[in-house]
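Trainee: Here the protein sequences line up with chains A, B, C and D, keeping their order.
Per the numbering used here, the very first residue in the first sequence carries number 1; after that it's consecutive.
Per the numbering used here, the very first residue in the second sequence carries number 1001; after that it's consecutive.
Per the numbering used here, the very first residue in the third sequence carries number 2001; after that it's consecutive.
Per the numbering used here, the very first residue in the fourth sequence carries number 3001; after that it's consecutive.
C-beta: ideal position from N, C-alpha, C; glycine also.
Being a predicted model, the structure only gives us computed values, none of them experimental.
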Amino acid sequence: MLLRHTPEKITERSALTINPAKTCQPIGAMYAALGIHGCLPHSHGSQGCCAYHRSTLTRHYKEPISAATSSFTEGASVFGGQANMMQAINNIFTVYNPDIIAAHTTCLSETIGDDLKQIKKKAEKEGKIPEGKEFISASTPSYVGSHVTGFSNMVKSMAEMAEPTGHKNGMVNIIPGWVEPSDMEELKRITNLVGVKHILFPDTSGVLNGPLSGEYKMFPEGGTTIKELKSTGDSIGTLALGEWCSADAARYLDTKCKVPCSILDMPFGLMATDRFIDALRTVAGTVVPEELAFERGQLVDMISDMHQYLYNKKVALVGDPDQLIAMTEFLVSIDMLPIHIVTGTPGKKFEKRIKEITKDLPYEVNVKAKGDMFLLHQWIKNEPVDLLIGNTYCKYIARDEDLPYVRWGFPILDRQGHQYFPTVGYKGGLRLLEKILGVLLDRKDRDDPEEQFELVL
Amino acid sequence: MLLRHTPEKITERSALTINPAKTCQPIGAMYAALGIHGCLPHSHGSQGCCAYHRSTLTRHYKEPISAATSSFTEGASVFGGQANMMQAINNIFTVYNPDIIAAHTTCLSETIGDDLKQIKKKAEKEGKIPEGKEFISASTPSYVGSHVTGFSNMVKSMAEMAEPTGHKNGMVNIIPGWVEPSDMEELKRITNLVGVKHILFPDTSGVLNGPLSGEYKMFPEGGTTIKELKSTGDSIGTLALGEWCSADAARYLDTKCKVPCSILDMPFGLMATDRFIDALRTVAGTVVPEELAFERGQLVDMISDMHQYLYNKKVALVGDPDQLIAMTEFLVSIDMLPIHIVTGTPGKKFEKRIKEITKDLPYEVNVKAKGDMFLLHQWIKNEPVDLLIGNTYCKYIARDEDLPYVRWGFPILDRQGHQYFPTVGYKGGLRLLEKILGVLLDRKDRDDPEEQFELVL
Amino acid sequence: MATATKKKLVQWDPTDVKEELLKKYPPKVARKRAKQILINEALENETPEIQANVRTIPGIITMRGCTYAGCKGVIMGPTRDIVNLVHGPIGCSFYAWLTRRNQTNAGPDGENYMTYCFSTDMQDSDIIFGGEKKLEKAIQEAYDLFHPKSIAVFATCPVGLIGDDIHTVTRNMKEKLGDCNVYAFSCEGYKGVSQSAGHHIANNQVFRHIVGENDEVKPGKFKINLLGEYNIGGDGFEIDRILKKCGITNIATFSGNSTYDQFASAHTADLNAVMCHRSINYVADMLETKYGIPWIKVNFIGANSTAKSLRKIAEYFGDKKLIATVEKVIAEEMPEVEEVSKDVRARTTGKTVMMFVGASRAHHYQGLFNEMGMQTISAGYEFAHRDDYEGRQVIPNLKVDADSRNIEEIEVEADETRYKPRKSAKQIAALEEAGFKFKDYEGIIPDMDNDTLVIDDLNQYEAEKLVELMKPDLFCAGIKEKFSIQKLGVPMKQLHSYDSGGPYAGFKGAINFYKEIDRLVNSRVWSYMKAPWQKNPQLSASYNWE
Amino acid sequence: MATATKKKLVQWDPTDVKEELLKKYPPKVARKRAKQILINEALENETPEIQANVRTIPGIITMRGCTYAGCKGVIMGPTRDIVNLVHGPIGCSFYAWLTRRNQTNAGPDGENYMTYCFSTDMQDSDIIFGGEKKLEKAIQEAYDLFHPKSIAVFATCPVGLIGDDIHTVTRNMKEKLGDCNVYAFSCEGYKGVSQSAGHHIANNQVFRHIVGENDEVKPGKFKINLLGEYNIGGDGFEIDRILKKCGITNIATFSGNSTYDQFASAHTADLNAVMCHRSINYVADMLETKYGIPWIKVNFIGANSTAKSLRKIAEYFGDKKLIATVEKVIAEEMPEVEEVSKDVRARTTGKTVMMFVGASRAHHYQGLFNEMGMQTISAGYEFAHRDDYEGRQVIPNLKVDADSRNIEEIEVEADETRYKPRKSAKQIAALEEAGFKFKDYEGIIPDMDNDTLVIDDLNQYEAEKLVELMKPDLFCAGIKEKFSIQKLGVPMKQLHSYDSGGPYAGFKGAINFYKEIDRLVNSRVWSYMKAPWQKNPQLSASYNWE
């Protein structure tokens, strides 16, 4: 057994986290920053943080991840990292020449109280930030929240770039939340189909799913432009996908720029996608084209065709709040039974929402925020499931417990596809169904006694 | 063992086919006919043929397949099926009111010598074919060729609908061959991206991957229209994808309507797609957009990222000639080793072409046209492989030999996705790679000893 | 779970519905179909008449298959240790390859050819010059590879037309091979009007070439044959489980999970229990005439019918201990059945169903649905004869038409050596006296409510209309019908192949079925037909921000 | 297989290249980097000097990690039966979870915590009010769940800043638990200038808290410790296989596939064989000073180096039989190695490679590449010190800067009871007389050709420039560098984690490596960079129909 020391008996733990279902804020800030065109993320702390975040994102995307660091020394940790930051700004603009630096703090710089906003002022005063270049920053202490919080904080910093002109631009801001480049691409496709002019931020499509062509571009074509970000304050409204990932930025634009917002679930699965598209056409006063109704019908069709294999199958899920909420709703909607649900990210709201969604299930549902995968594994040992959905670390549980397993979430370090094929929207729903059915039916084909082995499924 | 009587020792068989890698012509004609908008396919034979073809297509697509039959009785088999056909034409137009009937023969009606072209004349003379309605037919004797031949024959009958006006229409005819609705959709997307106005026929997209919406349409929106088919004779040229599926129709338009044609491989994999797109831009004098170069680069990127898992893996393949030729080239191009290749369709050309493609492999390659899956299984027993690619019937071999197995081809009766996600083009290549890698890496995760179990792949 | 809310016509008059169904047809078609669509009514000691087993109308999209399908696919398909070699072009063999879900259990190393597909793959040269040589060679190659105890050859359409003499070829090969029983079926697809002819051809040859080949007497006190059970989804396994539990020995099932030897020994049983009347009642008759084995109609679909059938078998043997065991088994099995049916009834009671399958299931399954509180509002068969609708009493005056005429009827007489009446005329009389019914089948019509629609050979067009008009909660037919019905938002259950489910026979089968139907009619998916913007297309005047 | 055809600069002058690398930098940065970029030259009995182990420049995208990574990730990570508990916010523990591919074999039911990730997951309240209590509780919870023989605590950045006294906490918990050795590492990420400081901190504590804990004498005639081998991709397994075959007993590996008990018994070995000079040479010194165990430098990367190292060990023990066995083993292993290298050389000879990793592999792997006929045209270390470049002779005059000053140096002296020189001064002298070298390492520079570029702490910008200018056939570094290099169409091999491959050490490892490099540099994919319409954009005047 790979996780041979995990006991079935569940004991209370108040200080020890084992096999976390989250990581720290800065990596979220770094991922979000990569969704700005021409942006170099910067980690204000010791260089290890930056190295770890780049490595993890690289393993997830099999793509180069460029980011700089303040490379704190012991001295800097005592006297403050301002000097390092000033030096970094100068070196970065000189050597890499990005349009914008998006800096985030770390537990180190937060603990010693470095203030990036103040450092930025100083840099501007000293002309360290060249004409037409930008510098934004987010406070992302690793000891608060999770990677999701860091993502949200950096996205909020993007919103803070808004420069309202007083003239509406006819755009709808769409904040996708922490989804894959392929998902952001798909959200744009859907929004265009509904005929809604929009600014999507952040947007990592074209950045983290790039081609191999013999050239290396540190700053690829993709990403939300600075111009777009500045104009979000003139938009007619904001659709924020995911309370945890996107709401803060949306609410900021609402309060500060009077851009009304609506907080929706991430559009995974049938209902959440229905609500997203309905919100789009409602806020923009457009008509949903037949093409989307057709895609929707295809998803409904596949649900009905394969319902017998999904019905009453028990599922264990681990991941991030916004994703899990939408996925849980999707699983319930296709008559599956999500019974163990864990996120490492804190937030009682999460447990409340999951309980609402699962209230009609003929089953006791285990749900925990600020939980860990050690607990999830113990729950599974106590109440086995037919399917496990989560990031790559789940593979250890899947192999030990011999569970059908669908990789979904962050990070996925051992399979390809997530960067190219969306799981949002109706087409994404078809992909999720294909994957879920794939592992369930593979298991059936593996385990059916020979006399019951089926040609047609 | 499911196929427990299959011996490793290979003995020559000249009369007995076991576990065929093909089926008969009429089903191909029926599938092709479904790619005409408003068309009701008609099987001129005993009703069992029609029932079997509808059942198989239904199991493959999980969609309703409407087709009529002449329901031969013993009497009709003796005195000829003309009366049945006349009755059928009348009933069909009265009850179902299609725009067009596409009839094909069977071994029965061919053996007794029914001539559908002559029957059509009679029907027209007797006014059985209403104003503005069409009737086309193909001769598809089950004892010649295979389902692929039947498909090709019906496509040729579509080409015969061409009514040249003498004025070029600026279109390029694209004959996709026997590919999935999702593939036809993708071919249209690619062609549009290259800016080439086109007529794609047949076109089953929107017909066999339809939505569930509470309504049933016997004749869905999709399909090539009669108007388009009539205008193929005015096109500037024809790109026929696949020598077996599409060449006859293209050559007909060339000889009869002076529409020049170029026969290409089906665009599965990198090179074949390169050639298809290059041909498109060449014949239409357009420029290939960056978007396609980007998709291409993504495919190349994934090949390079995952090359270590593909390199030197042995593959057994079974399917239809055009598909196998392109797939074999793709596998060779990613440094895999396709070593056993079988099609049930006759044609020495096939073996010659495969040998060309595989000539540099450091391996003896087994290839057979008019072979069967019994032989393929024996080859595998004699020289095991790392991967098996073929239709659903391969699952019996895969389970007995414990082989990683990717479903691809016709029919796929036990999994979903083929009708929604293309495998042609660069995006299709990404999907093929994802699937191949999926089964290879699942096997690795299953079999690696614990000390070598990998988190990152 | 949320049930899709379907608007039911407040009231539908069956005559209106029938009119609707016929309206669009050309007159000739309408006249013919009118006779095959019956509005059920209870008559004084007679059953309303329906037209059945007549030709399918060319161009009208039918549910029916062909004679070959009935012979090779249905009857011979489930027999595991016979090499079924199809003589013809490749298609017919390909389509009948593993597509019927009849399960078999050959054990770890028993003979099993059901996963294989054998064909002579006739080419044009064979059509022109004849295929007998190729057939002969193919039989030899099959024998050399597998050395099976038996090889069966099936003719497809062209074979009859080009005049290949398959019976001579097989007779010669049987002699040549010596230890392999080889025989052929002239089941060309154009014969007859439906699969039914194929059943007949298959059963005749099984009776002629296999039954009686093995006189060795099998152990067992109460020996029966189960006729017309095809082990779809494991039905036969469940029935065998129950029979075994009751101490009843099943000598041969025709033909679910069967072997060559079972057929060969069938004549040693003491009772024939007939499940599917249509496909095999004549075999029961022949077994009685030739060997003196009486037959009764049974039905193991539905817990109550299963209990009833077990009691009937026990009553036949008239053994106290057997009767007691049967009661004990029923008492053991029923509680779980009732528990589950009680649970699902809460969600299924009052729901309506339509069934158009085979020639027994459309009847048998009505009882199962009743156990769930569901009502059958329309039903019919795909390939039945009038006796399956109206009861066996009509058999004598069934007229033989051109299509039936050519389907061979075997004349059998008592076997000189092996004829042995299992019951004396006196015993039979006594049993009948007590209300016990031999060779009796009343058909589907008497079991259906007034004003329900009984429809023979329903076609695609009528099916769609029926669903539109009567909005059933569930529709049952075959794979070809499944998705056009479901497109209308109505769940569709295959009762040929059971989709992916089963067993549904016997007690455990009933439980499976209750749960499956509960799943189907209460699936959330049927409530997803429309998108929100389709449900209320008008836009709120102002943006609806939170 | 088709090789991508790459245009090589006909001739590149290293001074031009160096100038190119520096051109774009701000003057201050350029000055500093200039000292870390060396154009190699052969000097009369001295080695050119390079600047190393100095601070990374803020804002310059470095390959380096932090002290915590060097301590927890590199050194302690591979030890299977110690619960490694990270005290800090969740990230540091998460990122070091199973990401280094150091394999371990705990057998079916041995203790193995390497698949687990333990953290105190510090929250803001802990930062404000201190985390000692939480740490204490976490240790207790870990102990109650697993009862490990040892728990190691690692400090991340904030811990040092808020002043949690982890050493007192662990000392107390060790006493409290009684049967569990608990200790801590002050390896905050901001310490030092690279991972190197973390190696040092880890090794010091292992030496202080574990080595010498178990005096029980293990069986074995020729006992060694293997220092600085981390069993990435199973290297250690292969080395152990070879040692075992030679009859040499490996008491403790620091720290690949290691256990607590191996460390505890390390002082019972008779020779220390040092693989990675950088990460552990000081431990070798301490073991000699305290216990009298001499050390030698070995290298098991490359078949020839492996043979050389085995002979060196045998020579040290001076046992005829051992020497014979070693020769026998080499003779057995080499044929296959040579066969494969011969095969691949046909495709790899003349190809060029660049390597920028660790502080030993960039050196060790050059031999392996030479065996394939490949030339190293530029190389350097990520976190080495000058002695790793220039040789140990420079150690005495290395200046200690502000960053190194705080990395503890342990003062050790001979152990009163357990100090036992394994060789007498006379024996040592005799061996040295014969040319045997103790505690000797000449560094990477002398092994590299003239005019090759030796670059310390190479960064992303310089890497890209180097590849553009010098067009190597292969580039070796870490995961962060992999894909930016490959985007340029040049295959990139990770030499930290080996991507997915290994083992590459020893004889079998060499074979694996030959094949892997052959695959990489000859993959067809590098020829696919351009689409046909990009290769020849102009359109043929007329349509090209067949």
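By the 10 Å Cβ neighbour count, where 16 or more other Cβ atoms means buried, how is A/PHE201 classified, buried or exposed?
Mentor: A/PHE201 is buried by the Cβ-count criterion.
Trainee: Closer than 8 angstroms, CB to CB, is B/ALA1063 near chain C or not?
Mentor: Residue identity differs from the one stated: residue 1063 of chain B is Glu in this sequence, not Ala. Yes, because at least one Cβ of chain C sits closer than 8 angstroms to the Cβ of B/GLU1063.
Trainee: Identify each residue in the region 3081 to 3107 of chain D for which the Cβ-Cβ distance to at least one residue of chain B is less than 9 angstroms, and report them in chain order.
Mentor: Residues passing the 9 angstroms Cβ filter: TRP3097, LEU3098, THR3099, ARG3101, GLN3103, THR3104, ASN3105 and ALA3106.
Trainee: Just to confirm, are C/GLY2233 and C/TYR2498 a CB contact at a threshold of 8 angstroms?
Mentor: It is a contact, given that the beta carbons lie within the stated cut-off.
Trainee: Looking at C-alpha atoms only, which residue of B/GLY1150, B/SER1157 and B/GLY1081 is the closest neighbour of B/ILE1101?
Mentor: Closest option to B/ILE1101, Cα to Cα, is B/SER1157.
Trainee: Hey, could you find the ends of the beta strand (DSSP E) D/CYS3476 is sitting in?
Mentor: It spans 3474 to 3477 - the beta strand (DSSP E) in which D/CYS3476 sits, taken as one unbroken run.
Trainee: Is the region 2062 to 2077 of chain C in contact with the region 2169 to 2189 of chain C, if contact means three or more CB pairs nearer than 8 angstroms?
Mentor: Taking 8 angstroms as the limit for Cβ pairs, the verdict is that the region 2169 to 2189 of chain C does touch the region 2062 to 2077 of chain C.
Trainee: Return helix, strand or coil for B/GLU1454, following the three-state DSSP convention.
Mentor: Looking at B/GLU1454 - three-state DSSP - the assignment turns out to be coil, as it is neither helix nor strand.
Trainee: When the Cα atoms are used, what is the spatial distance from B/TYR1052 to C/GLY2478?
Mentor: Near 12 angstroms, if we compare the C-alpha coordinates of C/GLY2478 and B/TYR1052.
Trainee: Rounded to whole angstroms, what's the CA-CA distance from C/VAL2086 to C/ALA2096? Just pull it up for me.
Mentor: Distance between the alpha carbons of C/VAL2086 and C/ALA2096: 10 angstroms.
Trainee: Under 7 angstroms between beta-carbons, which chain D residues line up against A/ASN209? List them in chain order, please.
Mentor: What A/ASN209 touches in chain D: nothing, since even the nearest Cβ is about 12 angstroms away.
Trainee: Find out if the Cβ-Cβ distance for the pair D/SER3500, B/LEU1457 is shorter than 8 angstroms.
Mentor: It is a contact, given that the beta carbons lie within the stated cut-off.
Trainee: Under 6 angstroms Cβ to Cβ from D/ILE3090, same chain only, skipping five residues before and after it: list those, please.
Mentor: Here the set comprises SER3119 and ASP3121.
Trainee: What three-state label does DSSP hand A/SER213 in the structure shown?
Mentor: Correct three-state label for A/SER213: coil.
Trainee: Using the C-alpha atoms, what's the distance from A/ASP447 back to B/CYS1107?
Mentor: Distance between the alpha carbons of B/CYS1107 and A/ASP447 is about 41 angstroms.
Trainee: Any beta-carbon of chain B closer than 8 angstroms to the one on D/THR3003?
Mentor: Reliability of the predicted coordinates at D/THR3003 is poor, the pLDDT of 41 falling under 50, and the value obtained from them is presented with this limitation in mind. Taking Cβ atoms only, chain B never reaches closer than 8 angstroms to D/THR3003, which makes this a no.
Trainee: Got a sec: is the Cβ-Cβ distance from A/HIS37 to anything in chain C below 8 angstroms?
Mentor: No, A/HIS37 does not count as interfacial toward chain C.
Trainee: Taking Cβ positions only, does D/GLY3489 come closer than 8 angstroms to chain A?
Mentor: Yes, contact with chain A.
Trainee: Between the alpha carbons of D/THR3079 and D/GLN3051, how many angstroms are there, rounded?
Mentor: Spanning the two alpha carbons is a distance of roughly 33 angstroms.
Trainee: Taking the alpha helix (DSSP H) that A/MET171 belongs to, which residues open and close that run?
Mentor: That residue, A/MET171, is in no alpha helix (DSSP H); it is neither H nor E in DSSP.
Trainee: By a C-beta neighbour count over all protein chains shown, 10 Å radius and 16 as the cutoff for buried, is A/ILE92 buried or exposed?
Mentor: When all chains shown are included, A/ILE92 counts as buried.
Trainee: Identify every run of the alpha helix (DSSP H) within the region 1227 to 1309 of chain B, keeping only runs that are complete inside it and at least 4 residues long; order them along the chain.
Mentor: List check, alpha helix (DSSP H) in window: 1243 to 1257 and 1270 to 1284.
Trainee: Give the residues from the region 1354 to 1373 of chain B that approach chain D closer than 9 angstroms (Cβ to any Cβ), ordered along the chain.
Mentor: Here the close residues are ASP1360.
Trainee: List the endpoints of the continuous beta strand (DSSP E) containing D/ALA3155.
Mentor: Note, D/ALA3155: beta strand (DSSP E), 3150 to 3155.
Trainee: Under the DSSP definition of a beta bridge, which residues are partnered with C/GLN2494?
Mentor: Beta-bridge pairing links C/GLN2494 to C/ALA2477.
Trainee: Does DSSP classify A/LEU413 as helix, strand or coil?
Mentor: The answer is coil: DSSP assigns A/LEU413 none of H, G, I, E or B.
Trainee: Classify C/VAL2328: buried if its beta carbon has 16 or more other beta carbons within 10 angstroms, exposed otherwise.
Mentor: According to the sequence displayed, residue 2328 of chain C carries Lys and not Val. Counting Cβ neighbours within 10 Å, C/LYS2328 comes out exposed, since fewer than 16 surround it.
Trainee: Look at the alpha carbon of D/GLU3468 and the alpha carbon of D/LEU3488, and state the distance between them as a whole number of angstroms.
Mentor: Their Cα atoms are separated by approximately 8 angstroms.
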